[in-house]
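Asker: The structure's right below; bear with me while I get my questions together.
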Amino acid sequence: MLNNVSKLFAVSAKNISGSRSIVSKSFDLGFLNKTPKTQITTLPNGIRVATEQSFGETASVGVWVDSGSVYENDKNNGVAHFLEHMIFKGTPTRPSPHAIESEVENMGGSLNAFTSREHSAYYMKVLKDNVPNAVDILSDIFQNSKFDSKLIEDERQTIISENNYVQSKEDEVIFDQLHAAAFQGSPLGRTILGPVENIKSISRDQILEFVSKNYTGDRLVVSAAGAVDHDALVKQVAEKFANIKAAPASQESPRAQITNDFVGSEIRVRDDSLPLVHFAVAVKGLSWDHPDYFVLELIQNMIGNWNRSISAGKNLSSNLGEIVATEGLAESFSTFFTCYKDTGLFGHYGVCQPETVDDLIAEMLKEWQRIASSVKNSEVERAKDKLIATTLMQYDGTSKICEGIGRQLLTLGRRLTPSETYLRISEITPADVKRVATSLLRDVSPAVTAIGPTGNFPEYNFVRGWTYWNRL
Amino acid sequence: MNNILKNNKASLLLSKLLVKPNNSSTSTSNSNISIFSQQQKNTNNANTINTNHLSQFSPSLSSLSSTTTTPSPSSLISNIFRKKNVLSYFSTSTSSNSVQDVLSKSPFLPLTVPHPKLKEFNLSNQNDNNNSGNENMDYKEQITTLPNGIKVISKQTHEEACAIGLYVNTGSKFETPENRGVFNLLQKMTFKATKNNTTPEIVRSLEDISLNAMSVSSREIMQISIEVLRKDVENILKIFSDQIKCPLFEQEELKEQIESCIRNWESLNSSADSLLPELLQRVAFGDEGLGSSIFAAPNEYESITREKLFEAIERYYVGKNIVVSGTGINHGELVQMVQKYFSDIPYQRANTPTIESVDAKTVYNGGTMAFSPESDEVDPSWIVAFPFKGLASITESNDIFTAFVLQSILGGGSAYSTGGPGKGMQSRLNLNVVYRLHKIKHCSAFFSVFNQHSLFGVNLNTTPGSLGNAIELLLSELLFFNQNVTMEELNRAKRSQKSQILTNLELRGVLCDDMARQLVGMGQWKTPEEVCKAIDSVTMEDVKALYTKIMQSKPSVVVLASEKDSVITAEDFNLIVQQNLKLLTGTK
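Quick mapping for you: the protein sequence lines, in order, are chains A and B. The numbering of the first sequence is full-length UniProt numbering, which starts it at 1 and goes up by one. The numbering of the second sequence is full-length UniProt numbering, which starts it at 1 and goes up by one.
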């Protein structure tokens, strides 16, 4: 993008401390009840249909599947993602990729998909009178895809190109390395795309086997938001998705047991031809449904994000952001909080000049200790208000709502209403923040990954040591 | 240009290495990677770290500097799984104590269980709501003009979140040689200290209550916009009004921002993607008016003083030029608040120029600008654009909508892109140009609309040495367009335009912008329904007639290509069109 846009904050920039001369009013709680109700119906074959009907001319409809690369093994690692590509390539009634593409584009809609470690999603955005067409297309590709062998061969090159693209993005590489290190020996440690040799060898049989094992009714959620009618959608899904089996014949879970939910470890790839060091420092975070989920999210918000290009610069109220800006320690840093079913990751991703990397990591971990030992009541309260406001504002447009419904039904089995989110965030106390920060961020062995000119990157035991330096 | 080159080399290197990932045994031992891991146990005892095997895998510095290849990270990750023996000391024990501690101590319930007080809480809010809940359900857009000329446009919505923006009918089109770059700097100086608040106070308050706070400068409009909950709208309007009524433009902050502008200018000049459209604008409209870029040269930025910033604010940020736009808020309330904070701004000042006098400076020229890249490895580009009428013409003709439909029929995209159907995969430029010649990296139609003018064009970007072939392919596609275009394509384009408009307008920020930009550009607001109706009414004859007319006008062409590439200039283009007029008009 051209630089004639100044964004004041980073993507989801956050708060704290200092004077407060412009006073914000307190929340008007009445509106919490104004948001559309989520209606959920479970069909006989286990598929859950969930909708939030709102006003407008368009709707988002999607199928969310409790299936991603964690359901793979060494041999078929990459198949969930490969499947996501192949599912758009043709069915008996829509015989070619071209047929599906023209049908979607002729109605002015869009069709997209993604695969993550735990989930796959296929979703459409359409004008309201095309909701039935969207359900028809989704049900057809889910149940009748041909997975033509010739098209599978053609697709390998596309996926290899995608892999090359991913490998040229430092942040993608760092997070793949981080998973490989922190979750070594566990399916979470594998990449989503899989190794190139798998991309070259995944067969039609492997794809079909993966579908029949994983795309079962009990693991599917059809979610919709916008101009949709719940009852009509339930009726249509019941009819169109009738051939989906309730659950696989064998009762054993196809998901391998997690043997290691976190391993303190390190991977660094030194490449002095790169100008900047990219790294991640992470500790074990929390699972999707953890009671302290919102406490850790609050901590993530308090530590915040920063990058050189935002116009707020060093005036941000993030304590770490201010230090980094004043001392010139980084090009950017962000605080991430990634959840999985049984575990999670919490930490920082940073990009900096090779000579400042040790100071930057030291400051990051020092900030963790500050939060754990001496976070101020006022900063917790401010952060809570901010988190409530951003959480309530984030649902903009039907796509995000549709995705929120799908993800929460898969991870929590239920939908968190704005009221509940408000309640849960507002009851957090500074003691909770210290408790969670102390147990997760203090005296732990982190997983550390880095690429670039890492000559000055601190040795592991230094980093480890900074998690229990206790004199602030 | 250098940046582009570097990136390409880097990715090439990675892809080359990816092809042979199987040297694992050698690459791990003699290259610059270190791997070690340690069990996460005994986290209560800080000193028990005995499994440091770093030295075993960490090569000496001398071997580092002599290493010529870098193993690709993907092969590294697969190595970890192949060579499990490397990680002989990873833990098979289960989770660390710490997380269980958290679980046992947490006073909260897991998120899988509803909060015990939820029912009670919802009930108590329902009662609150009875008083304020039945507000006016008329969710139509409303416009009010205040006595000092400020226009307020808003649309109530069903959500508590609002988008609020302050839009000013000014921008680099209004700059003169004396203050070139002043609007770019004004954008950079937004959310800075005022008489009432320091910069940190403003930034931190906005951080607390808002999302997407941004300031945008462009040729014809200056924008400050933000998203907040309804309760904080008044705070925002106060901050906005201070920004234009009593900014301080502190010397030190100005200096920082001038430096930042110069850095932007440098990065602009090192990226063909951002530079070429700016040059196209200059070829089309010369150095003044719409031709002058929002980005000035370093010496121009350096000559901008505080006084020039104050002068620009005084001249242009006046009632008749200002629009305040908002979504998610009652119109009457918004008008009252705008009155409270903005009513002391005058309708205009003695030195405020009329928009007409400024627009008179913009004249379409057309022509060709060509330059060669610094090296043979730079991807060549070719952009052609035709002059067309501006947004203001909407009041008397449907042509703007026809042009949008035409753009959608031509469509186009990149050879490598993410996402599925819906981005114009079936459009003409994709099917007949991008997918036809794999050396083409990008080709798409664009339509940049200004108030009194617009540019309709196509850009093309290929791998080195292939530009000539690609232009030929594109030209034949363009010449045969009227003969080949089908009703299916027309209907698809119309439906896709409508769908995009309706989808985008459901985003509060886009709706807020759109209302304000229409009001600034054409003095009125067309509802989504009206716009969709106008798009529906576009016929095949309209599209063909407009296309024929556009193609016969004198184009503006920008070329980045080495001497080896055969390219087509604006004059060549006119000539080709004249020679193939029958083909173009579709008369056989």
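Cβ coordinates follow ideal geometry from the N, Cα and C atoms, glycine included. All values reported here derive from a predicted model rather than from experimental measurement.
Helix, strand or coil for B/G457? Go by DSSP, reduced to three states.
Answerer: Three-state result, B/G457: strand.
Asker: Out of A/F337, A/K89, A/A450, which has the shortest C-alpha to C-alpha gap to A/V295?
Answerer: Among A/F337, A/K89, A/A450, the Cα nearest to that of A/V295 is on A/F337.
Asker: Apart from the five residues just before and just after B/L103, which ones in its own chain have a Cβ nearer than 6 angstroms to its Cβ?
Answerer: Confidence in B/L103 is poor, its pLDDT being 47 and thus under 50, which makes the residue's placement unreliable; the coordinate value appears in the next sentence. Contacts found: none.
Asker: Return the residues of the stretch 26 to 59 of chain A that lie within a Cβ-Cβ distance of less than 9 angstroms from chain B, sorted by chain order.
Answerer: Those residues of the stretch 26 to 59 of chain A that come within reach of chain B (Cβ to Cβ, closer than 9 angstroms) are S26, F27, D28, L29, G30, F31, L32, N33, K34, T35, P36, S54, F55, G56, E57, T58.
Asker: How would you label B/H438, buried or exposed, when you count the other beta carbons within 10 angstroms and need 16 or more for buried?
Answerer: Label assigned to B/H438: exposed.
Asker: Determine the DSSP secondary structure at B/H331, reduced to helix, strand or coil.
Answerer: Of the three classes helix, strand and coil, the one that applies to B/H331 here is helix, per DSSP.
Asker: Check the Cβ of A/A362 against every Cβ in chain B and list those closer than 9 angstroms, keeping chain order.
Answerer: The premise fails here: A/A362 is roughly 16 angstroms from chain B at the closest Cβ pair, so nothing lies under 9 angstroms.
Asker: Whose Cβ in chain A lies nearer than 8 angstroms to the Cβ of B/M214?
Answerer: V5, S6, K7, L8, listed in chain order.
Asker: Terminal residues of the continuous alpha helix (DSSP H) containing A/A182?
Answerer: Per DSSP, A/A182 belongs to the alpha helix (DSSP H) from 170 to 182.
Asker: For the stretch 156 to 175 of chain A and the stretch 191 to 201 of chain A, state whether three or more C-beta atom pairs, one from each stretch, are separated by less than 8 angstroms.
Answerer: These segments touch.
Asker: Can you name the residues of chain D whose CB is closer than 7 angstroms to the CB of A/E101?
Answerer: The chain labelled as chain D is not found among the protein chains of the depicted structure, namely A and B.
Asker: Identify which residue in B/L185, B/F249, B/P277, B/A272 has its Cα closest to the Cα of B/A297.
Answerer: Taking only the C-alpha atoms, the option nearest B/A297 is B/L185.
Asker: Which residue wins for smallest C-alpha separation from A/Q236, given the options A/I323, A/V281, A/E327, A/I137?
Answerer: Checked all of A/I323, A/V281, A/E327, A/I137; the closest Cα to A/Q236 is A/I137.
Asker: Is DSSP giving A/K150 helix, strand or coil here?
Answerer: A/K150 falls in the helix class under three-state DSSP.
Asker: Can you tell which of B/K389, B/Y435, B/M369 has the C-alpha that lies nearest to the C-alpha of B/S414?
Answerer: With distances taken between Cα atoms, B/S414 lies closest to B/Y435.
Asker: Near A/I174, which residues of its chain fall below 8 angstroms by C-beta distance, leaving aside the five closest residues on each side in sequence?
Answerer: Here the set comprises H278, F279, A280, Y349, T449, A450, I451.
Asker: Could you spell out where the alpha helix (DSSP H) holding A/H98 opens and where it closes?
Answerer: Here the alpha helix (DSSP H) through A/H98 covers 97 to 106.
Asker: Specify, as a first and last residue, the run of the beta strand (DSSP E) that A/L220 falls within.
Answerer: Looking at the DSSP string, the run of the beta strand (DSSP E) that includes A/L220 is 220 to 226.
Asker: Helix, strand or coil: which one does DSSP assign to A/V380?
Answerer: Looking at A/V380 - three-state DSSP - the assignment turns out to be helix.
Asker: Taking Cβ-Cβ distances below 7 angstroms as the criterion, which residues of the stretch 435 to 455 of chain B are in contact with chain A?
Answerer: Correct list: empty, as no residue qualifies.
Asker: How long is the line joining the alpha carbons of B/E488 and A/N106, rounded to whole angstroms?
Answerer: Going from the Cα of B/E488 to the Cα of A/N106 covers about 8 angstroms.
Asker: Between A/V211 and chain B, is any beta-carbon pair separated by less than 8 angstroms?
Answerer: Not one chain B Cβ lies under 8 angstroms of A/V211.
Asker: Can you tell me which of the three DSSP states A/T438 falls into?
Answerer: A/T438 falls in the helix class under three-state DSSP.
Asker: Quick check on B/V113: buried or exposed, where buried means 16 or more other Cβ atoms within 10 Å of its Cβ?
Answerer: Exposed: under 16 other Cβ atoms inside 10 Å.
Asker: Can you find a C-beta in chain B that's less than 8 angstroms from the C-beta of A/H278?
Answerer: No, because no Cβ of chain B sits closer than 8 angstroms to the Cβ of A/H278.
Asker: When you compare the CB of A/E239 with every CB in chain B, is at least one pair closer than 8 angstroms?
Answerer: Output row for A/E239: interface = no.
Asker: Quick one: what does DSSP say B/A445 is sitting in, helix, strand or coil?
Answerer: The answer is strand: DSSP assigns B/A445 an E or B state.
Asker: Locate the beta strand (DSSP E) running through A/F336, then write down its first and last residues.
Answerer: It spans 332 to 339 - the beta strand (DSSP E) in which A/F336 sits, taken as one unbroken run.
Asker: Under 8 angstroms, Cβ to Cβ, is there at least one residue of chain A near B/N125?
Answerer: Output row for B/N125: interface = yes.
Asker: Considering only C-alpha positions, which residue in the set B/Y364, B/V567, B/L478 is nearest to B/K544?
Answerer: Considering only alpha carbons, the answer is B/L478.
Asker: Would you mind reading off the limits of the beta strand (DSSP E) that contains B/G165?
Answerer: Per DSSP, B/G165 belongs to the beta strand (DSSP E) from 161 to 168.
Asker: Compare the beta carbon distance of A/G217 and A/A247 with 8 angstroms and say whether it is the shorter of the two.
Answerer: Yes, the Cβ-Cβ distance between A/G217 and A/A247 is below 8 angstroms.
Asker: Taking CB distances under 8 angstroms as the criterion, tell me whether A/V104 reaches chain B.
Answerer: Output row for A/V104: interface = yes.
Asker: From the beta carbon of B/D513, is the nearest beta carbon of chain A less than 8 angstroms away?
Answerer: It does not: the Cβ of B/D513 has no partner Cβ on chain A nearer than 8 angstroms.
Asker: Can you give me, in chain order, the residues of the stretch 209 to 236 of chain B that have a beta carbon less than 7 angstroms from any beta carbon in chain A?
Answerer: Listed by position, the residues of the stretch 209 to 236 of chain B near chain A (Cβ gap below 7 angstroms) are I209, L211, A213, M214, S215, V216, S217, S218, E227, L229, K231, D232, N235.
Asker: Check the Cβ of A/K125 against every Cβ in chain B and list those closer than 9 angstroms, keeping chain order.
Answerer: Here the neighbours are G422, S499, T503.
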